[in-house]
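Participant: Sharing a structure below in structure tokens format, with a few things to ask.
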Amino acid sequence: MKKNITLSVKDLKKKIGRKEIIKGLSFDLREGEVFGFLGPNGAGKTTTIRMLVGLIKPTSGTIHIGGYNIEAQFSEAMKNLGCIVENPELYPFLSGYNNLLHFARMLEGIGEERIHEVTKLAGLTERIHDKVKTYSLGMRQRLGIAQALLGNPKVLILDEPTNGLDPAGIREMREFIRFLAEKEGLSVLVSSHLLSEIQQLCDRVAIISKGRIITTDTVENLLSNRERVQWVMNPSEKGKQVLRELTKVEEREDGTVLTEFDEQGTPLWNKRLVEAGVSVLEMNRKMPVLEDLFLELTGGETID
Amino acid sequence: MTKLVQNEMLKLIAKKRLIVIGIIIGVLVILFTYAQYKETETQRKKLGTSDWRTILQQQIVDTTNRLSSSRISDEWKKQLQISLQQKQYYLDHDINPAEPGAPTFIRIFLENSIDLFIPLMVMVIASDLVSSEHSMGTVKLLLTRPVKRWKILLSKYITLCLAVSLIIAIAGILSYLISGTVFGYKGWGAPILTGFNITDEGLSTSDVRLLSLWEFLLMDLGLVWFVAIVVGTLSFMLSVLIRSTAAGMGVMLAALISGAILSNMVSSWESAKYFFMVNLRLTDYMKGSAPPIEGMNLSFSMMVLLVWWAAALIVSFVVFTKRDVY
Amino acid sequence: MVRLVTIIAALFFLLWLAGLGWAVSEYYAGKQDQVPKASEQKIEKAENKKGLTVVALGDSLTRGTGDETGKGYVGVLVDELKEKTKQPVQLTNLGINGQRSDQLRNQVGQTEVQRQIHKADVIVVTIGGNDLFRGGQGIIEFKNEDLTGIQTKYLENIKAIFEQIRNHNQNANVFFIGLYNPFIELGEGKEMSKVVRQWNYQSAEVSAAFPKIVFVPTFDLFELKVNDYLYSDKFHPNTKGYRLIAERVASLITW
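Here it is, written out as structure tokens:
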């Protein structure tokens, strides 16, 4: 079931001065998928996103949104795009409603009805006539999304959407984004520097470092075989010895031991340990951290 | 485009800038009215009369006596001579150059505020029209909508022109209403002379024409408006170029003030006449006082201002449409 | 609200644009289309006068040059009149530094000056010092021959001036202040004094020919201690000197 491509990026490059910041990115977004854009700060995520939304002109390469070239057919391409770049900066001195009205006026055929619709969708109906400066960060974020959705876009680009939100807000946002992709059929591009967030939110992910895409894959593929188990044992020396015979063991400075996660293997190893008279105090499944993933994918290249 | 302009007007009004400007103008007009009132009072006390002819005659004699002093510079002497001839002409034709009343106050107010005060007010709006979008970060939303960048900038520029028109209107209306309480609301039909030409020999009165004050005022307002538009466009350009509103305002303010200073001392530096800031006093040409640099006249000043205006507009649009937004 | 403001602003935009266009066309077009008519109306009576109106005509003495207080004899005179009459006194001082008799003759030809003369109750005139001494140079170029020529002109001029004054005001008392000799203590002071006396005599004769024009001598005031009464330029009177002249004129004014 190949779905339509909504956003297509080919060999995108950007030079600032003599320095090449983005060194040839290519990827596609399909209908109804949440695409993660993962990389440490300074990897070029923001620059790429600004090129996608037309704020920065690429040095070379093409961007198509909804089939329209963003440079040649700017207006048509932008009709298919909703975005929040960095923080959702709206006019603080206007009410939420006036903000939406302001941006609705910049779109063709978007009237009051749609404004009410997105207001409801973002759950802002009660406060919509208050000034934005009285809003909490979460409300601003939601208003930003409401604004992005005004024009019924096919593609939604969200730069660090959970930045600065509390855990409840993050969860709410995550559910909302999933809802938009699954129920409304939007393609959502989400950038983040947090692996856990991308993991919980995205279908596919591109990992970017130093202006290059290192890999693009589904989240499952990327993370499988990369989970670890952390063991805390007593006596730990003996435990290590037992484990070493069974699998590859990584010793940590705090005296704990890391092994790979294997659905069949792990319970078995535990049993062996117990048989050998080692008490297992803790056994934690550990998500791979971005740093480790990077180390692996880049073969030793640090994030810096 | 109307929708975009509506957007900009919405933001302008929500920011309450026009109200602030209205208040500033109001306060200043009250001050000027009081000062003017005091001045006429003391004059009356000193001369023991409120008869304008006597006062004007006295001014003529005083100026003549000042001219005989050897300590005044040639430049100043020439300006005095021109104003002297002009006063004499008014007196000879039995026309009061400053018919008491609110309309005359407006005229004097406009003549004195054309090169600094009104441009300053315009700057308050123009200098953050674009840069505030940058500092608020809203430019990122504005430019990612399906509207071409030049249209967005044009809507902002149109809004600036509208705001300038409003500021001039506010200045005119407020000064009429406020000064009228002291000087009376009459005097629209008072005669006033225009068409004095400054030649090498001094003042030429061969083209002098008689106008009603309301006609003269409308022309004055038109000229003030033109100056305000040009200054507004320049600060608009700075607002596009410099992301910091304060820095843009600083640059513009420095230019305006240097203009006021330069006007008083550039008479020997001829090429200074191509600066926009020494060409702002357009109403002086209507009134017929000596220009800061010899050879300047209304068409010259307007041409200079037009060139600056066009350049600023071109730079604004080119930069705004081409520039990467970070 | 927004719409309303926008529409109003747009209307003003058009109005100011029209004003600008008009200003430009008015500035260039209409060469001599209507030259304003010089006012024909003759000096109207106007102004219900309160108190005394004094008009001062003449040269730097009328101006008060040399008086540190800036009043000059005219100022002191007005002060004294105020005191004496207990009435407001309106002064119009039309004195111009360095003015000679021919220039004053021109000045009294001006409509407005005539109007001022017309309104006056008292007119005081000082003129001649610059004709005779040419701003203090007289001492150097002092020659009898050209002086007679200058004197004739001078007398003609003051006659014309008096005629003008009487033409426009039959009732005012006119006080014509005579000349003094500031150079009396210098080398050619004696000869100079002779000329000054001659001029004073002739102008007194001219004054006498008109009704209510009084010649006020000042020669004697400065005759003995001239340097006590002169300003540092040794030409104009100082504060004390002006006071002497003012007192003399004041004593002549009756009310």
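Protein chains in written order, with the numbering used here: chain C, 1329 to 1632; chain S, 54 to 379; chain Z, 580 to 834. Each residue gets a CB set at the ideal place from its N, CA and C atoms; glycine is no exception.
#1: Can you pull the chain S residues whose beta carbon is under 7 Å from the beta carbon of residue 1415(C), in chain order?
#2: Can you tell me whether residue 1411(C) is helix, strand or coil according to DSSP?
#3: Return the first residue and the last residue of the alpha helix (DSSP H) that residue 678(Z) is part of.
#4: Who are the neighbours of residue 1392(C) on chain S, taking C-beta pairs under 7 Å?
#5: Entirely within the stretch 1532-1589 of chain C and at least 3 residues each: give me those beta strand (DSSP E) ranges in chain order.
#6: Quick one: residues in its chain with C-beta nearer than 8 Å to the C-beta of residue 79(S), no 5 flanking neighbours on either side, listed in chain order?
#7: Inspect the beta-carbon positions of residue 691(Z) and residue 263(S) and report whether they are closer than 8 Å.
#8: Measuring straight from C-alpha to C-alpha, what distance separates residue 585(Z) and residue 1514(C)?
#9: Let's test the definition: count the other Cβ atoms within 10 Å of the Cβ of residue 238(S) and tell me whether it reaches 16, buried, or not, exposed.
#10: Below 8 Å, how does it come out for the stretch 270-286 of chain S and the stretch 321-336 of chain S: are there three or more Cβ pairs, yes or no?
#11: Jot down the residue ranges of each uninterrupted alpha helix (DSSP H) in the stretch 622-662 of chain Z, minimum 4 residues, whole runs only, in chain order.
#12: Are the CB atoms of residue 708(Z) and residue 640(Z) nearer to each other than 8 Å?
#13: How big is the Cα-Cα spacing for residue 622(Z) and residue 694(Z)?
#14: Which residues in chain S have a C-beta closer than 8 Å to the C-beta of residue 1337(C)? List them in chain order.
#15: Please confirm if residue 106(S) has its CB atom under 8 Å from at least one CB of chain Z.
#16: Compute the Euclidean distance between the alpha carbons of residue 788(Z) and residue 800(Z), then round it to the nearest angstrom.
#17: Taking all protein chains shown into account, decide if residue 619(Z) is buried (16 or more other Cβ within 10 angstroms of its Cβ) or exposed.
#18: Can you find the residues in the same chain that come closer than 6 Å, C-beta to C-beta, to residue 1356(C), ignoring five residues on each side of it along the sequence?
#19: Determine the closest residue to residue 1427(C) out of 1468(C), 1451(C) and 1523(C), with distance taken between C-alpha atoms.
#20: State the Cα-Cα distance for the pair residue 1504(C) and residue 1406(C), rounded to the nearest angstrom.
#21: Could you check whether the stretch 197-204 of chain S touches the stretch 1397-1416 of chain C, counting it as contact only if at least three pairs of C-beta atoms, one from each stretch, sit closer than 8 Å?
#22: Answer yes or no: do residue 309(S) and residue 330(S) have a C-beta to C-beta separation smaller than 8 Å?
#23: What is the rounded straight-line gap between the Cα of residue 1600(C) and the Cα of residue 1589(C)?
#24: Kindly confirm or deny that the stretch 1467-1482 of chain C and the stretch 1427-1447 of chain C touch, where touching means at least three C-beta pairs closer than 8 Å.
#25: Does the beta-carbon of residue 301(S) have 16 or more other beta-carbons within 10 angstroms, so that it is buried, or is it exposed?
#26: Is it true that the CB of residue 91(S) sits closer than 8 Å to the CB of residue 1421(C)?
#27: Using a threshold of 8 Å, state whether the C-beta atoms of residue 1508(C) and residue 1484(C) are closer than that.
#28: I'd like the list of long-range same chain contacts for residue 93(S), defined as Cβ closer than 8 Å, with 5 residues on each side in sequence excluded.
#29: Who pairs with residue 1363(C) in a beta bridge, going by DSSP?
#30: At a Cβ threshold of 8 Å, is residue 371(S) touching chain Z?
#31: Can you name the start and end residues of the beta strand (DSSP E) that residue 832(Z) belongs to?
#32: Look up residue 1356(C) in the DSSP assignment and give the residues it is bridged to.
#33: Quick check on the DSSP output: the beta strand (DSSP E) that includes residue 1388(C) runs from which residue to which?
#34: Give the range of the alpha helix (DSSP H) segment to which residue 1487(C) is assigned.
#35: Helix, strand or coil for residue 245(S)? Go by DSSP, reduced to three states.
#36: Whose Cβ in chain S lies nearer than 7 Å to the Cβ of residue 1430(C)?
Facilitator: In this structure, then:
#1: Listed along chain S are 190, each with a C-beta nearer than 7 Å to that of residue 1415(C).
#2: If DSSP states are grouped into helix, strand and coil, residue 1411(C) belongs with the strands.
#3: From DSSP, residue 678(Z) is part of no alpha helix (DSSP H); its letter is neither H nor E.
#4: None at all; the shortest Cβ gap to chain S is about 15 Å.
#5: Listed in chain order, they are 1532-1537, 1540-1546, 1556-1562 and 1585-1588.
#6: Closer than 8 Å at the Cβ level, and outside the excluded window around residue 79(S), lie 227 and 231.
#7: No, Cβ-Cβ distance for residue 691(Z) and residue 263(S) is not below 8 Å.
#8: Answer to the nearest angstrom: the Cα atoms are 38 Å apart.
#9: Taking every protein chain shown into account, the CB of residue 238(S) has fewer than 16 other CB atoms within 10 angstroms, so this residue is exposed.
#10: Output reads yes: the stretch 321-336 of chain S touches the stretch 270-286 of chain S.
#11: Assignment of alpha helix (DSSP H) within the stretch 622-662 of chain Z, counting only whole runs of 4 or more residues, yields 639-642 in chain order.
#12: With a cutoff of 8 Å on beta-carbon distance, residue 708(Z) and residue 640(Z) are scored as near each other.
#13: The predicted model places residue 622(Z) with a pLDDT of 45, which falls under 50 and marks its position as unreliable; any figure quoted below should be read in that light. Going from the Cα of residue 622(Z) to the Cα of residue 694(Z) covers about 6 Å.
#14: Per Cβ cutoff of 8 Å: no residues; residue 1337(C) is ~16 Å from chain S at best.
#15: Between residue 106(S) and chain Z, the shortest Cβ-Cβ separation is below 8 Å.
#16: Within the model, the alpha-carbon separation for residue 788(Z) versus residue 800(Z) is close to 25 Å.
#17: Its pLDDT being 47, under 50, residue 619(Z) is placed unreliably by the model, and nothing is read from it.
#18: Here the set comprises 1333 and 1336.
#19: Nearest to residue 1427(C) by alpha-carbon distance, out of 1468(C), 1451(C) and 1523(C), is 1468(C).
#20: Residue 1504(C) and residue 1406(C): Cα-Cα distance of roughly 22 Å.
#21: Yes, the stretch 197-204 of chain S is in contact with the stretch 1397-1416 of chain C.
#22: Result yes, Cβ atoms of residue 309(S) and residue 330(S) sit closer than 8 Å.
#23: It is roughly 16 Å from the alpha-carbon of residue 1600(C) to the alpha-carbon of residue 1589(C).
#24: Touching, per the Cβ criterion.
#25: By the neighbour-count rule (16 or more Cβ atoms within 10 Å), residue 301(S) is buried.
#26: By the CB criterion at 8 Å, residue 1421(C) and residue 91(S) fall outside the cutoff.
#27: A contact, by the Cβ cut-off of 8 Å.
#28: Cβ within range, chain order: 103 and 153.
#29: 1517(C) and 1532(C), per the DSSP bridge assignment.
#30: Taking Cβ atoms only, chain Z never reaches closer than 8 Å to residue 371(S), which makes this a no.
#31: Per DSSP, residue 832(Z) is not a residue of any beta strand (DSSP E), being assigned neither H nor E.
#32: Bridge partners of residue 1356(C): 1336(C).
#33: If you look at residue 1388(C), you'll find it in the beta strand (DSSP E) that goes 1388-1393.
#34: No alpha helix (DSSP H) holds residue 1487(C); the beta strand (DSSP E) holding it covers 1483-1487.
#35: Strand.
#36: At a C-beta separation below 7 Å, residue 1430(C) has these neighbours in chain S: 60 and 63.
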